[in-house]
Every structure is written in C-alpha cells, then in structure tokens.
Amino acid sequence: MCSYGDNSTEWKHLGNSHLSVELSRLVTHITLNTRYMFEQLREKAAVLDDIVDWIGSYLIKKHALDEPFPLNRPHAEPMIVVGRVCCDANGHLNVNSVLLEGTRVMSGGMSVYMDVHQLPQYSLFPGQVIAAEVLNPTGRLLMAKKLYTDASLPSPERLPNISSQDGPLHMMVAAGPYTQTDTLTYEPLEDLLQHVKTNKPHVLILIGPFVDSTHPHIVDGSFAETFESFFEKIIDGIINTLKDVKCQVVIVPSWRDAHHHMIYPTPAFQLTKHYPGVLCAPDPCMVDIQGLMVGITSVDVLLNIGKEEISLSTKGDRLGRLASHVLAQQYFYPLYPPEESLNVDLELLEKHTHLGVTPHVLILPSDLRSFIKDINGCVVVNPERLAKGVVGGSFARLVVNPPTSSDGNCAKIISGEVVKI
C-alpha cells in the first residue's frame, strides 16, 4: 500500500537475537491506580494556562524572539505575542473566527481576534500554541505578520543500540479493530499472527481497540460473556499462536475498549495471567526498544486535527502536515477542545501525554490513508486498521538497520511498508 526507505529490505528475521523492550524513562506514563475525572474548572484552566506558558516560552527561546507582549496592549509597532488558537463559537474554526487566548499572568486570560488575511501561508487548529509577530494598534485585533508554530523537541541523544552482529531490528505494528463489523471471529487478527509466525519479527505492537465498544454486536448487547473474559481469550489466542516464535508483544489499550477505562490518557491493561515476553503499555506511551524510541497512541489524532484545521498555501502533503502538528506541539493530543466522543482528563493529559523527546518512530493509527513519512527526522507511521468495515485492513512492518558512525539521523536507517492483510 505504501513503502519507505530501502526497497531491497529483507522483511523476514533470520537471526535469533533478543532485544530489550521496556517503557521509556524519559516520560511519565499513567499508572493503573491513577484516579481520573476529578478535575475542577479552576484546575482545568490552570492546566491550559501551564501548557500555553510552557510551549510559548519554548517557542520564544527556540526562535530567538523578543519578549512577548500582552495580547490586549495597544502597540503601533510590530510585537511578539503568545497564545492558544481558539474559535469564537462552538462551530468549526474558519478564517474569520480565529482568536488567540493568552495566559492569565501575561494577558489576564483574555482572547483577542487575530486577522490572518495578510499571511502568505498558515496552518492552524484549536488548541495550537503559537507565537506571532503582530500589529495591535487598538488592543482589540491582532494583525498577524508572521507565525511561529514549531516547538518540536530534540531527538534522543543516542541512536538505537543495534549491533551489526545481531542484524537489523524487525518490528510489526497493527491497530484495532481486529475483526470485521459483521462478525466476531477475528479473522484479520489470525491472518496477522500467521504473518508474524512466518516473518518472526523481534517485536509485535498491537494497539487497541481489541473489544471495540462501537462494534454492532457489542452495541446491540448480543454478547454471551463478559467483555473481560472475551478479551482474555483474545490475548490467550495471541500468545498460544506465537508460543514458538521468539517475538516480544507490546499491547496498548484504547479508550474504545469496552472492558477498559474509557478515558484518555488510558492506563495499561491488567491481565489476569502473566505472559513472558508481553509488555502491557498505557496509551499514550513511549517504548524503548534497544534504544529505539517509539511513541504510540491509539487515538485518531490525525483525523481529529484534520477536521478542525484551517490552512492556506501550505505544501500539498496534508497527511505529513497533520502529523507534524503532533511533533511541533510536543503532545500526543494537542487539539482542544478534544473530539466530542473522547473523554480527556486535562490534568492527566498534561502529566502523561508530553512527548519528552522527538521519538525515532511515532505510530499514529488513523482512519485516514496509510503512510510512512520522515517528519523532521522522525519516522511517522499510520498503519490504518487491521479490519475496515466488513473487510480486512492493513498493518505496518519496519526494519531498523544497525547505525554507523555517519548516521546522524535515525530515519536514514529505517525501512518500512504498510501491507494489506
């Protein structure tokens, strides 16, 4: 369906090496005992304020800008302002409804209209924190001259610890749903596991939902057992099928899993059995695979931002631009307000969805068209869904070659493709 990197890559792992797979210590992951949905309005406002203050300060430093002015201060000369992009109503953002909301300390929390008509190009969405060079002669209208939106973090200091003796790192990635909408037989998942048995990757990353709360058979209540026991059978089936394969499995939940916490960020699954070689990770998470930093979230942030974004005269690669917003804003889910069906706890979002670093690989499953792209040195992957409606979908596979002393960019040593199931 799509490919990236060296076309002559050998996708089958022929070695017998074992790699370290663990949650990265560079970020703070949500834990199982975390309490959620206890936030008050004052606390939510403080979180939004903190994010603007943090990213705004980072933008000022990164782009060597002058100290920002309050949004509502009249000024005849060009000045720098910092704030969050908002819409003046409950509808979708448009060129005439752009507001910039400042922090309480700098601007008293006020929102001021921003005129973007003079900009040759822009790409804006609600929740985006930006710095802007503006004119503000009246204190009530920001006339934007230039925008600064890239607050992307540096890449990890070290390249993956993959030796030429052990050979390349092989990885497969799939995202749910794992069964078609007219059945609960999970045939696409069975087909994927056969691919794993054949190609023997070091790591298999499975991203929820596993028991999709939007599946017609779950919605209509025609279920003969608990969601929890059904999920455990799915995991049992996965592990039993792969028992003779030296493959480590990373399992990431989704807020759409019917048996799990319907909150974002989402704690990891707590399995009733212990399975060697299985890592249950939260959503989102940063997984360290032998020094390869892999960022993962199940939420369709690309589609959510794409529905709300407005842009002018930007490059034709819309999917790449949507993915770049995640890296540029430092958070797995920078959109605010979030998509209506997504239950976001803002306090937990601030603590547990910050990227920490720009990962080597960022996995963003989406209903949008699959892709693998190099976004400023980060390989962003959309494997789509393993099941799409009543038919099979797709999954991704990646190969990371041992780095050499001349490889300053990890994206150069990665090859990948999205394969139809």
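In this text, residue positions in the sequence shown follow UniProt numbering: the first is 1, and each later residue adds one. Glycine residues also receive a C-beta, built at the ideal position from the N, C-alpha and C atoms. In this text the structure is predicted, and so the values were computed from the model without any measurement.
Can you tell me whether ARG84 is helix, strand or coil according to DSSP?
strand
Chain-order list of residues whose beta-carbon lies under 8 Å from that of GLY392 (same chain, five-residue window excluded)
GLN180, GLU187, PRO188, ASP191, LEU386, LYS420, ILE421
For the alpha helix (DSSP H) holding ASP53, just list the boundary residues, first then last.
41-62
Output yes or no for whether 8 Å exceeds the beta carbon distance between MET1 and SER394.
yes
When ARG318, GLY416, VAL112, ILE263 are compared against LEU362, the one with the closest alpha-carbon:
GLY416
Considering only the beta carbon of each residue, do PRO265 and LEU349 sit closer than 8 Å?
yes
Would you kindly work out how many angstroms separate the C-alpha atoms of TRP11 and GLY277, rounded to a whole number?
21 Å
Can you give me the Cβ contacts of VAL245 inside the same chain, cut-off strictly under 8 Å, excluding the 5 residues immediately before and after it?
VAL196, LYS197, LYS200
Presumed contact (8 Å Cβ cut-off) between residue 457 and GLY356, rounded CB distance:
Residue 457 lies beyond the residue range present for the chain, which begins at 1 and ends at 421; the question has no answer from this structure.
Can you check DSSP and say which residues form a bridge with ASP212?
ASP257
Let's test the definition: count the other Cβ atoms within 10 Å of the Cβ of PRO365 and tell me whether it reaches 16, buried, or not, exposed.
buried
Please identify the residue among ASN376, ARG321, GLY109, THR9 whose C-alpha is closest to the C-alpha of LEU124.
ARG321
Range of the contiguous alpha helix (DSSP H) that encloses ALA323
318-329
Would you mind sorting ASP212 into buried or exposed? The rule is 16 or more other CB atoms within 10 Å of its CB.
buried
Between the C-alpha atoms of GLN390 and ASP300, what's the straight-line distance to the nearest angstrom?
The sequence given here has Val at residue 390, not Gln. If you take the alpha carbons of VAL390 and ASP300, they lie about 20 Å apart.
Which value, in whole angstroms, describes the spacing of the CA atoms of VAL250 and PRO284?
13 Å
Is there contact here, the stretch 309-326 with the stretch 26-43, by at least three beta-carbon pairs under 8 Å?
no
Ordered along the chain, which non-local residues of its own chain (more than five positions away) have a Cβ less than 6 Å from that of residue 422?
Because the chain here runs from 1 to 421, residue 422 falls outside it and cannot be looked at.
Start-end ranges of the beta strand (DSSP E) lying completely within the stretch 250-295, minimum 3 residues:
278-280, 285-289
Spell out the partners DSSP gives ASP374 in its beta bridges.
VAL379
Could you check the C-alpha separation between MET106 and HIS92 for me, to the nearest Å?
27 Å
Rounding to the nearest angstrom, what Cα-Cα distance links SER20 and TYR122 in this structure?
42 Å
Start and end of the beta strand (DSSP E) containing MET114?
111-115
From this set, ALA396, THR149, PHE332, which residue's C-alpha is nearest residue 439's C-alpha?
The structure shown has nothing for residue 439, since the chain only spans 1 to 421.
Supposed contact pair TYR336 and THR353 - C-beta distance, whole angstroms, cut 8 Å:
Not confirmed; about 12 Å, so no contact.
For the stretch 103-181, list the beta strand (DSSP E) runs that are entirely contained and at least 3 residues long, ordered along the chain.
111-115, 122-124, 129-136, 141-148, 169-175
In or out: VAL400 buried (at least 16 other Cβ within 10 Å) or exposed?
buried
Find out if the Cβ-Cβ distance for the pair PRO267, THR34 is shorter than 8 Å.
yes
Span of the alpha helix (DSSP H) around SER229:
227-241
Closest by CA to LEU142, which one among ASP150, PHE69, GLU157, LEU193?
PHE69
Where the alpha helix (DSSP H) containing GLU187 begins and where it ends:
187-199
C-alpha gap between ILE239 and PHE230, whole angstroms:
15 Å
Residue nearest to LEU32 in terms of C-alpha spacing, selected from ALA258, GLN270, LEU204:
GLN270
Proximity winner among GLU157, GLY306, VAL85, ASN72, relative to PRO137 (alpha-carbon distances)
ASN72
Let me know the secondary structure DSSP gives LEU19 once reduced to three states.
coil
Counted within 10 angstroms of its Cβ, other Cβ atoms place ASN100 as buried (16 or more) or exposed:
The amino acid occupying residue 100 in the given sequence is Leu; Asn does not appear at that position. Buried, since its Cβ has 16 or more Cβ neighbours within 10 Å.
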